[in-house]
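S.K.: Encoded as structure tokens, here's the structure I'll be asking about.
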Amino acid sequence: MGAPGRMKAWARKTDAAEREWARNEVDSWARAAAFPQPFSWGEAEAMALSRNYAPLPGSLAVRVIGVVGWVFLVVLAVPTLGSAVVGSALVAAGAAQEDQAAASGWISAATTMFVLAVIAAGTALSLWWETRRRSALELVMNGSATLASGAAIAVLAVSDVSGGAWLPLLMIATALVSAVAFVLVSLSKPEGRPKKRKPPRRGPRGADKRARAQRARNRLLEVVVHRGLVDLDEADRIRVAEMPLGYWSELDGLDDREWKRVLERRHVGWRDFDAKG
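Residues 4 to 280 (my numbering) make up the sequence shown, in order.
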């Protein structure tokens, strides 16, 4: 069995274990719980979110993988974000050599670093495009990349060492994109672009607790549907399950028009700030 097959088998096993976890953690109380009549979505969800649940199957392994992933990203990010500075130093080292043969190793390494520098500069520009926010860290990163690339261009221009076909182009691209990003970031507001209005986060804090609460609430929905406490078609059942944690209370006391507004348009939080739409 190849890797894709093993991954599918692992996913099926994990799903089955989590369904069993949900039944064990929720059915013991939800099947006999005295829910208010008429049924209150908000109170039912509050009952589910207030309980302490056992860890999800494999949660320790997921946390370990997450930590390893963050470490890996940091290890990759450090040289990538400073790649223009490192590349500039490598260009200077290559230019200090007596001939092209001695400089070729330094120039090859510098070319690799400036490939990363172009990627980092493009990423910085795309991040600004999303947030339109002025950030001291981004100013330092883009400013240092611009200066380092400019210095590398000057060093290579006055030396007898050739940068080949790609290195000069990569350095110029890094300098230009970083300079544009620096100017745009410096002209932006600290708070960034106006944020879309959205309701505040509710429910437990922490990814692990929220994952447990989400799975417990999904199982609670299955139980109350099975008990006949609510009458939902399949489409509405899916939409109720997809609502953010802590927002089932939005469904209480709705007429048909408001029910459609909340579920079909995924419009939650309208009671928090009387949003329009």
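Glycine included, C-beta positions come from ideal geometry on N, C-alpha and C.
Can you list, in chain order, the residues of its chain whose CB lies under 8 Å from that of W131, leaving out five sequence neighbours each side?
M.R.: For this step, residue 131 is matched to residue 128 along the sequence shown. Closer than 8 Å at Cβ, skipping near neighbours: E141, A184, L187, V188 and S191.
S.K.: Would Q100 pass as an interface residue toward chain B - the criterion being a Cβ-Cβ separation below 8 Å?
M.R.: Here there is only one protein chain, and chain B is not present.
S.K.: When you compare the stretch 139–153 with the stretch 84–104, are there three or more beta-carbon pairs, one atom per stretch, that lie closer than 8 Å?
M.R.: Counting Cβ pairs under 8 Å, three or more are found: they touch.
S.K.: Indicate the three-state DSSP secondary structure (helix, strand or coil) for R22 in the structure shown.
M.R.: Here residue 22 corresponds to residue number 19 of the sequence shown, with the count starting at 1. Looking at R22 - three-state DSSP - the assignment turns out to be helix.
S.K.: I'd like to know whether the C-beta atoms of V29 and A214 end up nearer to each other than 8 Å.
M.R.: Counting from one through the sequence shown, the residue named residue 29 turns up at place 26. Counting from one through the sequence shown, the residue named residue 214 turns up at place 211. In this structure, A214 does not lie closer than 8 Å to V29 by Cβ.
S.K.: One question on the structure: do S86 and A120 come within less than 8 Å of each other, judged by their Cβ atoms?
M.R.: Counted from its first residue, the sequence shown places residue 86 at position 83. Counted from its first residue, the sequence shown places residue 120 at position 117. Result yes, Cβ atoms of S86 and A120 sit closer than 8 Å.
S.K.: Can you tell me whether D136 is helix, strand or coil according to DSSP?
M.R.: Translated into the one-based positions of the sequence shown, residue 136 becomes position 133. One detail in the question is off: residue 136 reads as Arg in this sequence, not Asp. Three-state DSSP puts R136 in a strand.
S.K.: Would you tell me roughly how many angstroms separate the C-alpha atoms of L235 and A244, rounded to the nearest one?
M.R.: In the sequence shown, counting from the first residue as 1, residue 235 sits at position 232. In the sequence shown, counting from the first residue as 1, residue 244 sits at position 241. Near 11 Å, if we compare the C-alpha coordinates of A244 and L235.
S.K.: Could you name the residues of the same chain whose beta carbon sits closer than 7 Å to that of D239, not counting the 5 residues immediately before and after it, in chain order?
M.R.: On the sequence shown, residue 239 is found 236 positions in, with the first residue counted as 1. Counting only Cβ-Cβ distances below 7 Å, and skipping sequence neighbours, we find L266.
S.K.: May I have the straight-line CA-CA distance separating V233 from E133, to the nearest angstrom?
M.R.: As a first step, residue 233 must be located in the sequence shown, where it is residue number 230. As a first step, residue 133 must be located in the sequence shown, where it is residue number 130. Approximately 42 Å between the Cα atoms of the pair.
S.K.: Just the Cα atoms here: how many angstroms apart are V158 and A178?
M.R.: Sequence index remark: in the sequence shown, residue 158 carries index 155 (1-based). Sequence index remark: in the sequence shown, residue 178 carries index 175 (1-based). In a straight line, the C-alpha of V158 is about 14 Å away from that of A178.
S.K.: Would you tell me roughly how many angstroms separate the C-alpha atoms of G249 and L128, rounded to the nearest one?
M.R.: In the sequence shown, residue 249 corresponds to position 246, counting from 1. In the sequence shown, residue 128 corresponds to position 125, counting from 1. C-alpha separation (whole angstroms): 36 Å.
S.K.: Between P193 and V143, what straight-line distance do the alpha-carbon atoms span, to the nearest angstrom?
M.R.: Along the sequence shown, one-based indexing puts residue 193 at 190. Along the sequence shown, one-based indexing puts residue 143 at 140. Each residue's alpha carbon lies about 15 Å from the other.
S.K.: Quick one: measure Cβ to Cβ for G97 and A113, integer angstroms, because I've assumed they're closer than 8 Å.
M.R.: Position 94 of the sequence shown holds residue 97. Position 110 of the sequence shown holds residue 113. G97 to A113, Cβ: 6 Å. Contact.
S.K.: Report the CB separation of R222 from R26 in whole angstroms; it is logged as a contact under 8 Å.
M.R.: Walking along the sequence shown from the start, residue 222 turns up at place 219. Walking along the sequence shown from the start, residue 26 turns up at place 23. 7 Å between Cβ atoms; contact.
S.K.: Give the straight-line distance between the Cα atoms of E48 and A216, rounded to the nearest whole angstrom.
M.R.: Counting from 1 along the sequence shown, the entry for residue 48 is found at position 45. Counting from 1 along the sequence shown, the entry for residue 216 is found at position 213. Their backbone Cα atoms lie some 10 Å apart in a straight line.
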